[in-house]
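So the protein lines, in turn, are chains A and B. Numbered according to our numbering, the first sequence spans residues 709 to 966. Numbered according to our numbering, the second sequence spans residues 4 to 261. Note that the Cβ used here is the ideal one computed from N, Cα and C, for glycine as well. All values derive from a computational prediction rather than experimental measurement.
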Amino acid sequence: MNFLAVIGRIVFSFLDAAGRIGIFAVTAFSHMLTPPYYPRELFKQMMNIGYYSLPVVGLTTLFTGAALAVNISEGSSRFNAESTLPIIVVIGIVRELGPTLCGLIVAGRVSAAMAAELGTMRVTEQIDALTTLSTDPFKYLIAPRILATIIMVPLMLVVVADTIGVMGGYLLATSKLGYNSGNYMKATMDFLEVIDVAASLTKGAVFGFFIALMGCYHGFNTRGGAQGVGIATTNAVVSACIMILLSNYVVTEMFFSS
Amino acid sequence: MSDTAKISLKALRKTFGPKVVLDSIDLDVLAGESMVIIGGSGSGKSVTLKCILGLLIPDSGSIKIDGTEMIGISGAKRKEILTKFGMLFQGGALFDSLPVWENVAFGLLAQRLYDRKDAQEIAIEKLRRVGLTPDVAFLNPAELSGGMQKRVGLARAIAADPDIIFFDEPTTGLDPIMADVINELIVECVKDVGATALTITHDMASVRKIADHVSMIYHGKMIWAGKKEDIDHSGNEYIEQFINGKAEGPIKMEILKS
Ligand SMILES: Nc1ncnc2c1ncn2[C@@H]1O[C@H](COP(=O)(O)OP(=O)(O)O)[C@@H](O)[C@H]1O
Ligand SMILES: [Mg+2]
Numbered sequence: 709m710n711f712l713a714v715i716g717r718i719v720f721s722f723l724d725a726a727g728r729i730g731i732f733a734v735t736a737f738s739h740m741l742t743p744p745y746y747p748r749e750l751f752k753q754m755m756n757i758g759y760y761s762l763p764v765v766g767l768t769t770l771f772t773g774a775a776l777a778v779n780i781s782e783g784s785s786r787f788n789a790e791s792t793l794p795i796i797v798v799i800g801i802v803r804e805l806g807p808t809l810c811g812l813i814v815a816g817r818v819s820a821a822m823a824a825e826l827g828t829m830r831v832t833e834q835i836d837a838l839t840t841l842s843t844d845p846f847k848y849l850i851a852p853r854i855l856a857t858i859i860m861v862p863l864m865l866v867v868v869a870d871t872i873g874v875m876g877g878y879l880l881a882t883s884k885l886g887y888n889s890g891n892y893m894k895a896t897m898d899f900l901e902v903i904d905v906a907a908s909l910t911k912g913a914v915f916g917f918f919i920a921l922m923g924c925y926h927g928f929n930t931r932g933g934a935q936g937v938g939i940a941t942t943n944a945v946v947s948a949c950i951m952i953l954l955s956n957y958v959v960t961e962m963f964f965s966s
Numbered sequence: 004m005s006d007t008a009k010i011s012l013k014a015l016r017k018t019f020g021p022k023v024v025l026d027s028i029d030l031d032v033l034a035g036e037s038m039v040i041i042g043g044s045g046s047g048k049s050v051t052l053k054c055i056l057g058l059l060i061p062d063s064g065s066i067k068i069d070g071t072e073m074i075g076i077s078g079a080k081r082k083e084i085l086t087k088f089g090m091l092f093q094g095g096a097l098f099d100s101l102p103v104w105e106n107v108a109f110g111l112l113a114q115r116l117y118d119r120k121d122a123q124e125i126a127i128e129k130l131r132r133v134g135l136t137p138d139v140a141f142l143n144p145a146e147l148s149g150g151m152q153k154r155v156g157l158a159r160a161i162a163a164d165p166d167i168i169f170f171d172e173p174t175t176g177l178d179p180i181m182a183d184v185i186n187e188l189i190v191e192c193v194k195d196v197g198a199t200a201l202t203i204t205h206d207m208a209s210v211r212k213i214a215d216h217v218s219m220i221y222h223g224k225m226i227w228a229g230k231k232e233d234i235d236h237s238g239n240e241y242i243e244q245f246i247n248g249k250a251e252g253p254i255k256m257e258i259l260k261s
């Protein structure tokens with residue numbers, strides 16, 4: 709087997725998939741901008757994506773913030789630099805861990821659910837039925853899901869993830885490591901800058917976009933029966949996670965590389 | 004003939020990769036008549052309907068509805084023509100995220116013909132028409148038996164008083180008595196709304212109950228067309244094998260090849 713041919717085939721199939729997903733995304737956005745709109749669907753998706761993801765996002769970042777504080781306290785005490793702990797926690801959570809963890813968790817929850825739901829609708833001909841009932845599936849199914857995720861992930865989930873993550877560090881530091889509550893809060897507030905929050909929210913919006921795009925694309929293009937739905941779900945979660953980690957790096961470079 | 008035809012297919016061809024599903028389909032359905040297409044499983048009956056509805060794009064050929072060529076037509080025009088259609092899908096294709104009445108009223112709401120309250124009343128009326136009580140309207144489709152789901156699908160197909168109704172294997176998966184009830188309902192509903200009906204089935208009891216004209220599809224072509232009365236003495240060995248359900252004959256089931 710020719711090694712170069714194998715590489716070539718992989719590259720081409722990757723480009724092919726990327727092109728299809730790109731066209732899918734452009735189509736979805738063009739449908740978002742033209743009526744009819746489905747506010748009822750949008751609201752339903754916003755509740756489902758935002759509100760119902762809160763517990764798992766909160767829980768994850770609370771314990772991650774606490775664990776981060778333990779690690780930094782251990783490390784910084786070697787250099788007598790304990791005062792840096794609140795700063796590293798807030799920067800670490802807001803710039804990096806809050807949005808990334810939130811994105812990965814929501815990818816597991818929301819991308820999977822979207823792919824499974826749309827995939828089932830595809831294989832049971834519900835998507836075809838929509839078309840015969842004067843309804844564009846892109847407008848009714850895809851546009852509300854993508855829009856809802858782009859809104860809810862940054863403005864609700866990342867905000868909560870950042871806040872609770874910082875709080876996790878604060879609670880641990882003040883209760884177990886003997887930090888003064890007032891000083892800790894002051895250090896946190898002094899070092900947190902607008903650009904950190906902007907980066908965090910930008911990441912949330914970008915991750916939200918990829919979460920919904922991958923869930924919708926794989927679900928919408930499901931083939932076969934139950935097995936096809938399973939494959940679509942797996943592909944949605946895996947590709948959403950990869951895109952989150954990749955775009956995380958790109959957005960970080962955009963904001964913070966000097 | 005074709006100037007009075009409601010639906011007219013000429014040399015319709017559809018392939019999936021190397022697989023030729025429809026080779027060259029010719030079909031004329033006259034206004035107000037009930038045409039039934041028969042053919043074995045996998046012979047391309049559903050694909051034919053989906054090509055007419057624009058859910059699949061044929062490779063070549065012509066599809067005329069009321070004399071208007073549907074292939075290459077603009078999206079808006081197609082949408083307008085599609086509002087004349089009702090379709091009962093093979094598996095029902097009911098939206099399981101919506102209650103029964105919203106399923107039935109979906110097309111009315113999508114076309115913004117009525118507000119939700121009036122649409123609900125119409126839906127309940129249509130449900131009554133297919134023999135379902137008003138309390139069914141507020142159940143979820145998943146709570147209904149197969150026969151009831153078929154009835155709801157039928158109510159949805161006739162809800163917007165369509166010109167043309169498609170029935171995709173309306174009796175498959177039902178017991179003989181329920182099948183007869185559904186056949187009966189189809190005949191009545193089609194008569195009620197004065198529609199042209201195109202049914203695909205492999206159930207000969209349906210054919211005898213529903214059809215004015217019958218066409219048989221085999222290997223991607225229409226191999227026979229005629230009046231229902233002529234089907235028992237067609238002199239066509241394919242038809243004879245099919246209506247008698249014999250394994251021996253010119254029709255070879257493609258068991259090894261798939
Ligand atoms: N979207 C599709 N992609 C690939 N093959 C398809 C697709 N839809 C149908 N087929 C194939 O076309 C053939 C005819 O299918 P269909 O029209 O559903 O049969 P039936 O006459 O039982 O309704 C089948 O062999 C099926 O595998
Ligand atoms: Mg079929």
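State the DSSP-derived secondary structure class of E790 (chain A), mapped to helix, strand or coil. helix
At the level of alpha carbons, what is the spacing between D69 (chain B) and D166 (chain B)? 10 Å
Measuring from the CB of L15 (chain B), is there a heavy atom of ligand 1 at a distance below 8 Å? no
Taking the beta carbon of G270 (chain B) as the centre, do at least 16 other beta carbons fall within 10 Å, making it buried, or is it exposed? Examination of residue 270 (chain B) is not possible in this model, given that chain B is present from 4 through 261 alone.
With DSSP as the reference, identify every bridge partner of G89 (chain B), one or two as the case may be. B:I168
Based on the DSSP output, what are the partners of K1 (chain B) in its beta bridges? What the structure shows of chain B is the stretch from 4 to 261, and residue 1 (chain B) is not part of that stretch, so it cannot be assessed.
Between the stretch 78-87 of chain B and the stretch 831-848 of chain A, can you find at least three pairs of beta-carbon atoms closer than 8 Å? yes
Would you kindly work out how many angstroms separate the C-alpha atoms of T942 (chain A) and A820 (chain A), rounded to a whole number? 7 Å
Is the distance from the Cβ of T199 (chain B) to the Cβ of T174 (chain B) below 9 Å? no
CA nearest to the CA of G932 (chain A), picked from A:G806, A:S784, A:G890 and A:E833: A:E833
What are the boundary residues of the alpha helix (DSSP H) that A736 (chain A) is part of? F711 to L741
Quickly, what does DSSP pair Y221 (chain B) with across the bridge? List them, please. B:K224
Taking Cβ to Cβ, would you say S761 (chain A) is nearer than 9 Å to L865 (chain A)? yes
Can you list, in chain order, the residues of its chain with a C-beta nearer than 6 Å to that of T202 (chain B)? Leave out the 5 residues immediately preceding and following it. V39, F170 and I213
If we cut at 9 Å on Cβ distances, does L921 (chain A) have a partner in chain B? no
Between which residues of its own chain and M4 (chain B) is the CB-CB distance below 7 Å, once the five residues before and five after are set aside? Because M4 (chain B) sits at a pLDDT of 46, beneath the cut-off of 50, its placement in the model cannot be relied upon, and the following sentence gives the value as read from the coordinates. Counting only Cβ-Cβ distances below 7 Å, and skipping sequence neighbours, we find D31.
May I ask you to check if the CB of K48 (chain B) is nearer than 8 Å to at least one heavy atom of ligand 1? yes
Under the criterion of a Cβ to heavy atom distance below 8 Å, does I41 (chain B) qualify as lining ligand 2? no
For E172 (chain B), count the other beta carbons within 10 Å of its own beta carbon; 16 or more makes it buried, fewer makes it exposed. Which is it? buried
Check: D206 (chain B) C-beta below 8 Å from any heavy atom of ligand 4: As for ligand 4, it is missing from this structure, which binds only ligand 1 and ligand 2.
Give the residues of chain B in contact with N836 (chain A), contact being defined as C-beta atoms less than 9 Å apart. A small fix is needed here, since residue 836 (chain A) is Asp in this sequence, not Asn. Result: K53, L56, L58, M90, F92 and A96.
Sequence-distant residues of its chain with Cβ nearer than 7 Å to N106 (chain B) (five each side left out): L97, F98, P144, V155 and R159
Quick one, are the C-beta atoms of F917 (chain A) and I858 (chain A) less than 9 Å apart? yes
Is any heavy atom in ligand 2 found nearer than 8 Å to the beta carbon of Q834 (chain A)? no
Which residues in chain B have a C-beta closer than 8 Å to the C-beta of T839 (chain A)? List them in chain order. L56, G57, L58 and L85
Excluding sequence positions up to five away, which residues of its chain have a Cβ less than 6 Å from the Cβ of H926 (chain A)? A823, A940, N943 and A944
Same chain, Cβ closer than 6 Å to P807 (chain A), neighbours up to 5 away in sequence not counted: V866, S908, K911 and G912
Can we count Q2 (chain B) as close to ligand 2, meaning its CB is less than 8 Å from some heavy atom? Not covered by the structure: residue 2 (chain B). The range shown for chain B is 4 to 261.
Are any of the Cβ atoms in chain B nearer than 9 Å to that of P744 (chain A)? yes
In whole angstroms, what is the alpha-carbon distance linking S792 (chain A) and M875 (chain A)? Per the sequence shown, residue 792 (chain A) should be read as Thr rather than Ser. Each residue's alpha carbon lies about 16 Å from the other.
Indicate whether at least one CB of chain A lies closer than 9 Å to the CB of R159 (chain B). yes
Under 8 Å from any heavy atom of ligand 1, does the C-beta of L59 (chain B) make it? yes
Length of the line joining the Cα atoms of I242 (chain B) and D62 (chain B): 28 Å
DSSP three-state label for D31 (chain B), please. strand
Just to confirm my understanding: we take I84 (chain B), look at its own chain, exclude 5 residues before and 5 after, and list those with CB closer than 6 Å. What are they? I68
Buried or exposed: H216 (chain B), going by 16 or more other Cβ atoms within 10 Å of its Cβ? buried
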